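What follows is a short report on a single structure.
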Amino acid sequence: MKKTIKSLLLSFTLRVAEKITSRFGFDSIRHDMRNFSGVTAIKDLSVLSLRGKPALVACIVIEDLRHMEEIKASLKAMLDNRYGITQSILEFETPGH
């Protein structure tokens, strides 16, 4: 019984994540994030459902970690305004790391 419930929950979570991904599209989000000043690459990007709401996890390569907080705030505002993604985990690193 527990295994069946767990399988159903996982299946539901994956379907919700697929709907969110198809609604937004990785390419569009990645493109918009990559176009920010100081961002050199988006290494990892995941969009998923967290309590029924879209959430994003990304590893972002930036030129200078001194600008991390400014870039982070700008990216979070863009994700909210353009995609309605209010929950995100953004990890930053510099090229070569």
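Positions in the sequence shown are counted from 1; adding 93 to them yields the numbering used here.
Backbone N, C-alpha and C define an ideal beta-carbon position, used for all residues, glycine too.
Every value quoted in this text rests on a predicted model; they were computed, and no experiment measured them.
Following the continuous alpha helix (DSSP H) through residue i, name the residue where it begins and the one where it ends.
{"i": "E184", "result": "Looking at the DSSP string, E184 is not in any alpha helix (DSSP H); the run it does join, the beta strand (DSSP E), is 180-186."}
{"i": "S130", "result": "Counting along the chain, S130 falls outside any alpha helix (DSSP H), and DSSP gives it neither H nor E."}
Compute every distance between the C-beta of residue i and the non-hydrogen atoms of the ligand MG, then say whether any falls below 7 Å.
{"i": "I122", "result": "The ligand content of the structure shown is nil, which means the ligand MG is not present either."}
CA-CA distance, residue i and residue j?
{"i": "F119", "j": "D125", "result": "10 Å"}
{"i": "I182", "j": "L172", "result": "12 Å"}
{"i": "P188", "j": "I155", "result": "7 Å"}
{"i": "R123", "j": "A170", "result": "15 Å"}
{"i": "L102", "j": "K146", "result": "Residue placement at L102 cannot be trusted, given a pLDDT of 49 that sits under 50; what the coordinates show is reported in the next sentence. Approximately 16 Å, taken between the alpha carbons."}
Under three-state DSSP, which class holds residue i?
{"i": "D125", "result": "helix"}
{"i": "D120", "result": "helix"}
{"i": "D173", "result": "helix"}
Going by other Cβ atoms of all chains shown within 10 Å of its Cβ, with 16 needed for buried, is residue i buried or exposed?
{"i": "S142", "result": "buried"}
{"i": "L158", "result": "exposed"}
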